[in-house]
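The structure appears right after this line, and notes come after that.
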Amino acid sequence: MSLLHVFILALIQGLTEFLPVSSSAHLIFPSHLLGWEDQGLAFDVAVHVGTLLAVVLYYLADIVKISTFTIEAVVKRKVSPIAKIGFCVIIGTLPVVIVGGLFEKTISTVIRDSIDVIAYATIGFGLLLGLASYVNRRIVWRNIDNVQGARADSLRGLTYVQALVIGFAQAIAIIPGTSRSGITMTAGLFLGLKAEAAARFSFLLSIPVILASGLFEILKLYKQETLELQWVNLILGGFISFAVALVVIHLFLKFIAKSGMALFVIYRVLLGAILLWMF
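Convert by adding 15 to the 1-based position in the sequence shown; the result is the number in the numbering used here.
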């Protein structure tokens with residue numbers, strides 16, 4: 016891999032991992048237009064570790080606090096509002112573990128590289144995000160003066176059922192072009208969470224998913240005894256994806272608080288149309 020190859024792929028990973036735009040849709044362009052070969056499993060692991068470190072660092076204080084209260088709740092058998100968020104993350108992670116274990120191999124061999132599937136999923140789930148954003152604004156503004164409306168500002172009002180629904184939505188992201196962050200935010204918006212809260216829960220949910228996926232890929236790497244690692248490329252790719260993802264998370268949360276999801280909906284529809292037209 017050339018340094019340009021490393022930079023572009025790591026940049027794409029950092030930009031798209033947490034935005035509701037689908038990383039698989041963007042990775043088509045360098046592979047098909049530039050004729051680049053697959054970057055390899057080791058590089059995939061490196062850039063995913065970079066994005067994982069970014070979201071962990073950004074929410075480190077929250078993670079420590081939620082984890083502490085969750086462990087305390089297990090020991091004392093008394094659930095506090097903060098501990099409830101931790102249990103919601105656990106519950107929301109279960110569906111993707113089950114669905115991923117059952118269907119990931121089938122999907123990865125049948126439709127993983129299907130440009131049509133990626134393009135239509137990019138458009139379809141983009142429009143669904145737009146509908147969720149529209150419905151959400153009506154829900155939040157209608158309830159702005161009551162308790163339910165106030166709870167929409169944070170995750171303390173999130174229920175276990177809502178967490179499970181968002182978790183099942185996350186499992187749909189096994190379909191390429193869906194966008195894990197996009198579909199979880201869509202579900203959160205439909206359930207009445209404000210955009211910032213939906214994004215925050217989506218990012219918290221991403222931590223166990225990316226961690227589990229990374230460990231699984233590392234295990235696969237370990238079994239490849241003859242693999243020669245290009246350490247400079249791996250370190251550089253991981254650092255670029257980390258730095259870009261950290262900035263993206265911060266700017267994205269500020270942006271949606273003011274402007275909502277409309278820009279990302281338009282972008283997804285145009286991106287999907289371009290994919291269908293070009294390929």
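Backbone N, C-alpha and C fix where the C-beta goes; we use that ideal spot for every residue, glycine too. Source: prediction; values computed, not measured.
Please report the Cβ distance between residue i and residue j, rounded to the nearest whole angstrom; I am assuming they are in contact, meaning their Cβ atoms lie under 8 Å.
i: threonine 199; j: alanine 136; result: Actually they are not in contact, since the Cβ atoms of threonine 199 and alanine 136 sit about 15 Å apart, beyond 8 Å.
i: tyrosine 282; j: valine 36; result: 6 Å
i: leucine 13; j: valine 104; result: What the structure shows of the chain is the stretch from 16 to 294, and residue 13 is not part of that stretch, so it cannot be assessed.
i: leucine 382; j: valine 280; result: Here the chain comprises residues numbered 16 to 294, so residue 382 is not present and cannot be evaluated.
i: glycine 139; j: alanine 210; result: Going by Cβ atoms, the distance from glycine 139 to alanine 210 rounds to 20 Å, so no, they are not a contact pair.
Can you find the residues in the same chain that come closer than 7 Å, C-beta to C-beta, to residue i, ignoring five residues on each side of it along the sequence?
i: glycine 182; result: Ile106, Gly107, Thr108, Leu109, Pro110, Val111
i: glutamine 28; result: Ser38, Val62, Thr66, Ser256
i: isoleucine 78; result: Val71
i: serine 169; result: Ala212
What residue does the alpha helix (DSSP H) around residue i start on, and which one ends it?
i: phenylalanine 257; result: 246 to 274
i: proline 191; result: Where proline 191 is concerned, there is no enclosing alpha helix (DSSP H), given that its DSSP letter is neither H nor E.
i: lysine 238; result: 210 to 238
i: leucine 72; result: 56 to 73
i: valine 280; result: 277 to 293
i: arginine 195; result: 195 to 205
i: proline 35; result: Note, proline 35: premise wrong, no alpha helix (DSSP H); not H, not E.
Grouping DSSP H, G and I as helix and E and B as strand, with all else coil, what is residue i?
i: leucine 30; result: helix
i: threonine 137; result: helix
i: threonine 85; result: helix
i: aspartate 168; result: Annotation note: pLDDT 47 at aspartate 168 (below 50); position unreliable, coordinate value reported separately. Note: aspartate 168 maps to coil in three-state DSSP.
i: threonine 108; result: helix
i: lysine 93; result: coil
i: glycine 50; result: coil
i: leucine 143; result: helix
i: leucine 173; result: coil
i: serine 129; result: coil
i: serine 17; result: coil
Quick one: what's got a C-beta closer than 8 Å to residue i's C-beta in the same chain, skipping five residues either side?
i: lysine 235; result: Leu56
i: phenylalanine 267; result: Phe33, Leu34, Ala214
i: valine 180; result: Ala202, Leu206
i: serine 148; result: Leu204, Ala210, Gly275, Met276, Ala277, Val280
Can you name, in chain order, every residue of its own chain whose Cβ lies under 6 Å from the Cβ of residue i, other than the five neighbours on each side?
i: glycine 252; result: Val21, Ala25, Phe58, Ala61, Val62
i: leucine 291; result: Ala134
i: leucine 143; result: Thr201
i: glutamine 177; result: Leu206
i: alanine 165; result: For alanine 165, the predicted model reports a pLDDT of 41, less than 50, meaning its position is unreliable and no value from the coordinates is stated.
Distance cutoff 8 Å, beta carbons only. Does residue i sit that close to anything in chain D?
i: tyrosine 73; result: Reference to chain D is not applicable here, since this structure consists of a single protein chain.
Inspect the CB distances between the segment 227 to 238 and the segment 275 to 287 and report whether three or more fall short of 8 Å. Taking 8 Å as the limit for Cβ pairs, the verdict is that the segment 275 to 287 does not touch the segment 227 to 238.
Are the segment 78 to 88 and the segment 38 to 56 touching, with three or more C-beta to C-beta distances below 8 Å? No: fewer than three Cβ pairs fall under 8 Å.
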